[in-house]
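> Please see the structure below; I have some questions.
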Amino acid sequence: MRLPQIAGEIERRLLVNYQVDPAALEGLLPAPFRPQLVEGAAVAGICLIRLGKIRPRWAPKPFGLTSENAAHRVAVEWDDDAGLRSGVFIPRRDTASLLTVLLGGRLFPGAHHHAKFKVVETHESLEVAFTSNDGDVTVDVEVRVERDLEGSRLFANVNEASKFFERGAVGFSPGRDGSRLESVQLSTHAWRVEPCRVLRAQSTFFEDATRFPPGAVRLDSALVMRKVPVIWDALPDVIASGV
């Protein structure tokens, strides 16, 4: 049984964004999803997020948990009875929390892999690195917070980027048995992001030549959000197909 709602705070969420050749995602996205395109490119990335006060919505804040987490994700769209929808497909989730590994895919959506994280953070800069215990994924990112979003080919400014990612509030992740996609919707009354300049960004997930042909993935930009209260609602599972 899943909890209907989880409350908490995004203490820090760093989005490292990539342009991807849409054809390179054909083997990664299950039906009914297709890449959401911006200027002809698909949008993928790494979400490096520290969550705090995570608890059932009815529980007092002191009982909440804090954890470092990461998600490799792709912006997607699909059609349903309500029309065109948008969200993110998350093929890989990692976490420093053994409890999250235990409960992911059981109490709340998405199976997680255990990983060791290293974080160095100030108001002006941020370094996040992790290596998964199974050895499949290593990430090393360093950014500096800036006033303006510069150098992005996907987004003209930070407001455009912010609106794009705010619309992708529904996330789909493979469950434990791989036959279903488990989904969750994020909501907040305090969405806000700041632009960053990327000083270093490495991900063995996106650099894997067996997954993405050389040149198919290009670093684009980064955004950070801090101290944002959120609610997560579990949505119905989707039967995975096409992968």
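Numbering-wise (the numbering used here), the sequence shown opens with residue 1398 and increments by one. Ideal placement from N, C-alpha and C gives every residue a C-beta, glycine not left out. For clarity, every value in this text was computed on a predicted model and none was experimentally measured.
When you compare the segment 1474 to 1483 with the segment 1493 to 1505, are there three or more beta-carbon pairs, one atom per stretch, that lie closer than 8 Å?
No: fewer than three Cβ pairs fall under 8 Å.
> Could you check which residue in A1428, Y1415 and A1467 has the C-alpha nearest to that of T1528?
Here residue 1528 refers to the residue found at position 131 of the sequence shown. Among A1428, Y1415 and A1467, the Cα nearest to that of T1528 belongs to A1467.
> Could you spell out the range, first to last residue, of the beta strand (DSSP E) harbouring L1411?
The residue labelled residue 1411 in the question sits at position 14 within the sequence shown. Counting along the chain, the beta strand (DSSP E) containing L1411 begins and ends at Q1402 to V1417.
> Could you have a look at S1559 and say whether DSSP puts it in helix, strand or coil?
Counting from one through the sequence shown, the residue named residue 1559 turns up at place 162. Reduced to three states, the DSSP call for S1559 is helix.
> Assess contact between the segment 1566 to 1583 and the segment 1511 to 1528, defined as three or more Cβ pairs (one per stretch) separated by less than 8 Å. Is contact present?
Result no; under three Cβ-Cβ pairs closer than 8 Å.
> Excluding the 5 residues preceding and the 5 following D1634 in the sequence, name in chain order all residues of the same chain whose CB lies nearer than 6 Å to its CB.
Numbered from its first residue, the sequence shown carries residue 1634 at position 237. The answer, listed in chain order, is R1577 and E1579.
> Just to confirm the assignment, what range does the alpha helix (DSSP H) spanning T1497 have?
The residue labelled residue 1497 in the question sits at position 100 within the sequence shown. Run containing T1497: L1495 to L1500, per the alpha helix (DSSP H) assignment.
> Nearest to S1522 by alpha carbon, out of I1443, V1627, P1592 and A1631?
Here residue 1522 refers to the residue found at position 125 when the sequence shown is read from its first residue. When only C-alpha atoms are compared, the closest one is P1592.
> Have a look at L1448, W1629 and T1601 and flag the residue whose alpha-carbon is nearest the alpha-carbon of V1538.
Residue 1538 sits at position 141 when you count from the first residue of the sequence shown. Answer by Cα proximity: T1601.
> Within its chain, find whatever has a CB closer than 6 Å to the CB of R1447; leave out the 5 residues flanking it on each side and keep chain order.
What you label residue 1447 is simply residue 50 of the sequence shown in a count that begins at 1. Same-chain partners within the cutoff: E1408, R1409 and E1465.
> Tell me which residues share the same chain as L1412 and place their Cβ nearer than 7 Å to its Cβ, disregarding the 5 neighbours each side in the sequence.
Counting from one through the sequence shown, the residue named residue 1412 turns up at place 15. So the list reads G1442, C1444, F1562, A1619 and L1620, once near-sequence residues are dropped.
> Flag this pair as touching only if the segment 1418 to 1431 and the segment 1536 to 1554 have three or more C-beta atom pairs under 8 Å; answer yes or no.
No, the segment 1418 to 1431 is not in contact with the segment 1536 to 1554.
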